[in-house]
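To start, the structure under review is shown below, and the notes come after it.
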Amino acid sequence: MDFINAIVVLTNFTIIPALAYGSQLALGAIFVTLIYAVLRFANFATGDMMSFGTMFAVLLTYYFQSIGLGLGFLPTALLTIPFAIIMMILYMLLIDKFVFSYYRIKKSPPVQFAMVSVGVMFVTQAIIRIIIGPSDRRFLDGEKFILKATEFKEMTGLNEGLTLKSTQAITIVVTLIIVSIMFWFLNKTKTGTSMRAYSDNEDLALLSGIDPKRVVLITWVIAGVLATVGGILYGLDKSYRPFVYFNNMLPIFAAAIVGGIGNPFGAFLGGYVIAFAEILITYAYKRFIAYLVPESMEPDSLMQLLSTDYKFAVSFSILVIVLLIRPSGIFKGKTI
Amino acid sequence: MAFFEGKQMTAGYGDGPDIISSCSISANRGEIVAILGPNGAGKSTAMKAMLGLLNLKSGSVTLDGEEISKISPQDRVKQGISFVPQTRNVFAELTVRENLEIGGFLREEGLDQMIENIYNLFPILSEKKSQIVGQLSGGQRQQVALGRALMSEPSVLMLDEPTAGVSPIVMDELFEHIIKVKKTNVAIIMVEQNAKQALSISDRGYVLVTGQNKFEGSGEELLNDPEVRRSFLGG
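So the sequence lines, in the order shown, correspond to chains W and G.
If you count by this note's numbering, then the first sequence holds residues 1341 to 1676, one letter each, in order.
If you count by this note's numbering, then the second sequence holds residues 2 to 236, one letter each, in order.
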C-alpha cells in the first residue's frame, strides 16, 4: 500500500505536470526547429510570438463569454484557437513580408537574421503591451478537474490523491493531435516532402522546380499553428502573463537543441526531456521517500536537489552540456 | 542549327573578370557532348551560363530555336533542361524514392510510371528505394542524382563532372548509364576531368582554354589529334 502511495505521489506531482509542461515546450521547440531548418535562423521572437497568438485567444474568449458562446465543460478558449491561429499567421506573414524577406533576398548571414528577430521580438512585445497590457489574466472556464484528489482517495482508499486537471489532459491530447498531423504532412505529402527537400538542399530544390515563396509561406502557416496552440495551452494551464513567454524561450531553445536543431521529431522529444529534467530535479522527494523507508529512517529535509526558483538553471545547464559534449543534439536523424 | 545552343557566350561572376569569352557550345538530341579543358578553363562556367545560373554579358542561348537567355534557371528547367551539379547533387536526408519524387515535382501526372522507368534504368535504386540517400555509396548517389534529373523527362541533360571522386569501375558503370540515357533521345552535355574516357563515349567534344573554344570535333578526332593529346590527354 505504501509503495502504491509513493507511486501516486510521484505521478501526481511530477509525471503528469511534466507531461503537460513537456507538451507545451515541445510545440515551441518544433516551432524553433522548423524556422531554423527552412528559413535558417534562430528566431528569438519565438516566445513573444506565442504570447501574441495567445493574446487573441484571451480577447476572443472574453468576447465569446460575453455573448454566451461556450463549449460547456470544455474551456471556451478551444473555440478561439482557429481564429487566434489566423491572426497569428497574418501577423507572421506581415512581419515576413516587411522584415525577414528583405534579408532573405539579400542572403544575410544567420547571425544578422537572429538580430533582426530580436528586433521583431521587441516590436511584438510592444504591440502586446498596447493591445492587452502586461497584467495577469485567467481565461480558463468550464470544468477545472477531470479527477479530483478527494474523489481519487474515496475511489481507491489510498492516503494520497491523484489529480488530473482538465488543462493537463487537453494539453497532452491537443499536442499529440497537432504533432501527428504535422509529421504526417511533412513525411507523407508532396508539399511536406518539398519542404524537407528545400531544407536539405536549397539550390537543388530550386533546380527541381520547387517554389521557395510557397515553402516559406507554408512554413509560417505551420509555425503559426504551433506557436498559437502551444501558447494557448500554456496560458490555460498556468494563466496568461504576456511576458512569461519570453522566459520560456530558454527551455524551448534547450529542447530544440537537445533534439538536434532542425530535427522536428528530436525537438518533440526534447520538450519532454527538458520538462522532466526541470521537474524531477526541483521536486521535493520527502513524502515519496517517507512511504518507501521505515519510519525511523524518514528524512528531515525536503530532499530537494534544487529549489524550484532555479528550474531555468536546469534547462540552461542541459543546454550548455549538450552544446559542449554533443552539439548536434542527442537524437540523430534527418534535419526537418 | 543545333537543338540546344550557346552562341558566343561571354560571362563572369558578379562584377569580376570574364571567365568565358565568345564561347560556343551546342548539342543535339541523342548526342553526348563533352566539355574538356585544363583547370580554370571555364568549363563549368560555360555550362552554368547555359542554365542561366549566371548572366550573359553578350551572346545567346537557344533551345529548339527559341531564345532563352533572358529567362531564369527555374523557367529553363520547366522548358526541359535538367542539371546535375558536381557537388550536393542529391537530397542526402531524403530517401531514394523521395529524391525521385522531388525530381518530378513539376509533373502533373505519370509520376509513378516515371519512377518505374528510372528504376528500370538504374535497377539498384529500386532495391534501395526506402533508404536515406546519405547512406548510399558514391556511385549509387550519382545514380540517384541522374535519376532525379531525369524525372522531369528533360530534352537536355547537363552533367558537371559526373564521375568526380568515384572509383574507375564505378566510372565505367556511370558512363554506361549515361549512354543508356542518351539512347532515350536526350541531348547530354557533360564537363569531365577524365578526358580520355569521356571522349570515348562522346559524339563530339569541345576543348576550352581560358574561356575560349580551342579545339572541337568528334570524340575520335580529338582523341587522335596530336596537339590535343599532348596538351590535355597526357601523350
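We put the CB at the ideal spot given by N, CA and C, even for glycine.
Ranked by Cα distance from LEU1609(W), the first of PRO1415(W), ALA1382(W), MET1427(W), TYR1361(W) is TYR1361(W).
When C-beta distances to chain W are compared with 8 Å, the residues of the segment 101-121 of chain G below that value are GLU102, ILE103, GLY104, PHE106, LEU107, in chain order.
Less than 8 Å separates the beta-carbon of THR1394(W) from that of TYR1580(W).
Residue-level contact by beta carbon fails for ARG142(G) and chain W, as no gap is shorter than 8 Å.
Collapsing the DSSP output to three states places LYS79(G) in a helix. Between PRO1415(W) and LEU1576(W), the C-beta spacing is below 8 Å. For GLY1393(W), the uninterrupted alpha helix (DSSP H) segment begins and ends at 1386-1406.
Close partners of PHE92(G) in chain W (Cβ separation under 7 Å): ALA1537, ASP1540, ASN1541, LEU1544. With at least 16 other beta carbons inside 10 angstroms of its own, MET191(G) counts as buried. Rounded to the nearest whole angstrom, the C-alpha separation of LEU1663(W) and ILE170(G) is 42 Å.
With the rule of 3 Cβ pairs closer than 8 Å, the segment 109-118 of chain G does not count as touching the segment 63-81 of chain G.
In the same chain as THR96(G), and ignoring 5 residues on each side of it, the C-beta atoms closer than 8 Å to its own belong to LYS130, SER131, GLN132, ILE133, VAL134, in chain order.
Taking C-alpha positions only, ILE1670(W) is separated from ILE1370(W) by approximately 15 Å. Sequence-ordered contacts of the segment 1474-1505 of chain W with chain G are nonexistent [C-beta pairs closer than 8 Å].
At a cut-off of 8 Å between beta-carbon atoms, PRO155(G) makes no contact with chain W. The beta carbon of LEU1374(W) sits no closer than 8 Å to any beta carbon of chain G.
Taking C-beta atoms as the reference points, ARG89(G) and ASP1649(W) fail to come closer than 8 Å.
Minimum Cα-Cα distance from ILE1601(W) among the listed residues LYS1505(W), SER1668(W), MET1427(W) corresponds to SER1668(W). Look at SER1520(W): its C-beta is not under 8 Å from any C-beta on chain G. When Cβ-Cβ separations below 8 Å define contact, SER1548(W) makes contact with chain G. Cβ-Cβ distances below 7 Å link GLN194(G) to GLU162, ALA165 in the same chain, with the five nearest sequence neighbours on each side left out; the list follows chain order. The segment 1391-1406 of chain W makes no contact with the segment 1544-1551 of chain W: fewer than 3 CB pairs, one atom from each, lie closer than 8 Å.
In this structure, PHE233(G) sits away from ALA199(G), with a CB-CB distance that is not shorter than 8 Å.
Neighbourhood of THR1533(W) in chain G, by CB distance below 8 Å: LEU95, GLU99, GLU102, ILE103, in chain order. With its beta carbon at least 8 Å from every one in chain W, PRO163(G) lies outside the interface. For LEU1498(W), the closest of VAL1633(W), ILE1658(W), ASN1345(W), VAL1349(W) by C-alpha to C-alpha distance is ASN1345(W). For VAL78(G), the nearest beta carbon of chain W is closer than 8 Å to its own beta carbon. For LEU147(G), the secondary structure class from DSSP, reduced to helix, strand or coil, is helix. Each residue's CA atom was taken as its position, placing PHE1605(W) and THR1503(W) some 29 Å apart. When secondary structure is reduced to three states using DSSP, ILE1601(W) falls in the coil class, being assigned neither helix nor strand. A direct Cα-to-Cα measurement between VAL1519(W) and ALA1358(W) gives close to 18 Å. Contact between PHE1413(W) and GLY1368(W) is ruled out by a C-beta separation of about 27 Å, above the 8 Å threshold. For ILE116(G), the enclosing alpha helix (DSSP H) starts and ends at 112-122.
If you draw a 10 Å sphere on the C-beta of MET1389(W), you find 16 or more other C-beta atoms in it, and that means buried.
DSSP places THR1490(W) within a helical segment (H, G or I) once states are collapsed to three. DSSP places SER1441(W) inside the alpha helix (DSSP H), whose first and last residues are 1441-1445.
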